[in-house]
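Following: one structure in structure tokens, then a few remarks.
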Ligand SMILES: [Zn+2]
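In our numbering, the protein residues as written are 19 to 494.
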């Protein structure tokens, strides 16, 4: 479908080059009134608030963080571009470990339905209509809204491939235009009950994954990363799951799979494989240490122990799990066992928000009420799940304001009442933050949101494209 207008660069810097060629060497110094940075004396290495802070980044990597005088006096900072975040707090950019960007287009279409009705009446009804141009619209919408909420990295679990890479390519290019960091988790899907646009043979899926990775895998700046994603036990046969995990092993990247989201999926796994979901996966010749399980709402104690023992990780989507009535993942137990967990928003029609800050709060509240214990989990842990450990789950050097990490940052407006009083900033960011307070966003040392506006794509252009595409979509 055609869309009105073209995407115009906006703001002080031009759009990223379409091919995403490495930009020239750049040094930038950003100063802020406060910052959330790693604290040696904080429990579990959690981030803590500190006063005036400066950061020096070169070529998109953080090289120094500390008192402004010391950082500005560093010889490497001579001639650096300066960004002044006065009256703002500098916090790590948030990391969304699980999303389906096209689902933002379906927001409001399938709400308040049981999962299977939602799937059939919203997902399967509209998703097969989407080609590359519609996918680009969806991605600009989903990722643009995420940037405005302080998401600097998104993992798009991508299953609408139409036996090729044109849709995924359009999605990656949309991410590049906006300047958001993307992990394209390319799906491996062969369940015959799904729309044809989802399905491939094993050789097709492997060939398409490898082609996409050859074109886009960025091992220097990690702005685009390609990872395989066998859909689930119901969406992928054991041969397909094995093929996806094999591609991950060969590429040295993790692989993603939806597991135990709804209770019926446990019953199906017991019926088909005579084993609960994680045990059935573990029986395949796959490396669980490279696996990112998505959801895990119905993992029992044995599965949680196995996940910890094998070094697997989890993408946890509490907002989506609540929205769809899936169940409650035992996050507290998984964290206690040392499983790396990252937060995800899931798709824009199963949450329906796209903010990882919001997931931090949701995760905390859900676990507290589930255990009827206000101390079940704390703000520092939930903040880490949306930043540092989410980056570790995706195997990317992101999620911390520390040397060696990519320079992905969010500025929060300290004049916003949702952050008052400011003495407990690390608590307020999780529990009381309003998205209104997100004022600026930097990805890989480049400004992508300034003064609450996207820098590279005009929001009214995205609005026009979304309106044009969805104006005649209706609830069933
Ligand atoms: Zn999902």
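Where a beta carbon is used, it is the ideal one built from N, C-alpha and C, also for glycine.
Asked                                                                                                                             : Found
Beta-carbon proximity check, residue 362 vs residue 114, cutoff 9 Å                                                               : yes
Alpha carbon of residue 40 to alpha carbon of residue 75, nearest angstrom                                                        : For residue 40, the predicted structure reports a pLDDT of 43, less than 50, and the residue's modelled location is therefore unreliable. The matter cannot be settled from this model.
Reduced DSSP category for residue 116 - H, G, I as helix; E, B as strand; rest coil                                               : strand
Where residue 234 falls: helix, strand or coil (DSSP)                                                                             : helix
Same chain, Cβ closer than 6 Å to residue 121, neighbours up to 5 away in sequence not counted                                    : 365, 366, 367
Residue 252 beta carbon near ligand 1 (any heavy atom closer than 8 Å)                                                            : no
beta-carbon residue 312 near ligand 1 non-hydrogen atom, thresh 8 Å                                                               : yes
Residue 145 burial status per 10 Å Cβ neighbour count (16 or more: buried)                                                        : buried
Which listed residue (317, 372, 62) has its alpha carbon closest to that of residue 117                                           : 372
Runs of alpha helix (DSSP H) wholly within the stretch 182-237 (minimum 4 residues, chain order)                                  : 184-196, 220-234
For residue 406 and residue 417, believed in contact at Cβ under 8 Å, the rounded distance                                        : 4 Å
Residue 313 - DSSP class collapsed to helix/strand/coil                                                                           : strand
Under the three-state DSSP convention, the category residue 155 falls into                                                        : helix
Residues near residue 495 in its chain [Cβ-Cβ closer than 7 Å; skip 5 each side]                                                  : Since the first residue of the chain shown is 19 and the last is 494, residue 495 is not available in this structure.
Three-pair Cβ contact test at 8 Å for the stretch 453-470 versus the stretch 126-139                                              : no
Which of helix, strand or coil DSSP assigns to residue 173                                                                        : strand
7 Å CB neighbourhood of residue 261 in its chain, flanking five on each side removed                                              : 206, 220, 223, 224
Local Cβ density within 10 Å of residue 91, reported as buried at 16 or more and exposed below that                               : exposed
6 Å CB neighbourhood of residue 42 in its chain, flanking five on each side removed                                               : Low per-residue confidence applies at residue 42: pLDDT is 48, beneath 50, and the placement is therefore not dependable, though the value from the model is reported in the following sentence. Here the set comprises nothing.
Continuous beta strand (DSSP E) stretch holding residue 332: start and end                                                        : 331-334
Ligand 1 heavy atom lying under 8 Å from the CB of residue 84                                                                     : no
Any non-hydrogen atom of ligand 1 within 8 Å of residue 376 CB                                                                    : no
Nearest candidate by alpha-carbon position, reference residue 83, set 470, 424, 488, 450                                          : 424
Assigned exposure category for residue 438 - 16 Cβ within 10 Å defines buried                                                     : exposed
Burial state of residue 189, where buried means 16 or more other Cβ atoms lie within 10 Å                                         : buried
Closer than 9 Å to chain C by CB, residue 137                                                                                     : Although the question refers to chain C, the structure presented lacks it and comprises just one protein chain.
CB contact flag (residue 448, residue 379, <9 Å)                                                                                  : yes
DSSP three-state assignment for residue 306, whether helix, strand or coil                                                        : helix
Short Cβ contact (9 Å threshold) for residue 315 with residue 377                                                                 : no
Start and end residues, beta strand (DSSP E) containing residue 48                                                                : 45-56
Straight-line gap, residue 328 to residue 273 (C-alpha atoms, nearest Å)                                                          : 14 Å
Exposure label - residue 490; buried when at least 16 CB within 10 Å                                                              : exposed
Beta-carbon contacts of residue 433 that lie in its chain and below 8 Å, excluding the five residues immediately before and after : 105
Whole-angstrom C-beta distance between residue 333 and residue 357, which should lie under 8 Å                                    : Not quite, the Cβ-Cβ distance comes to about 11 Å (not below 8 Å), so this is no contact.
Residue from 351, 474, 308 whose Cα sits closest to the Cα of residue 411                                                         : 308
Beta-carbon proximity check, residue 421 vs residue 81, cutoff 9 Å                                                                : yes
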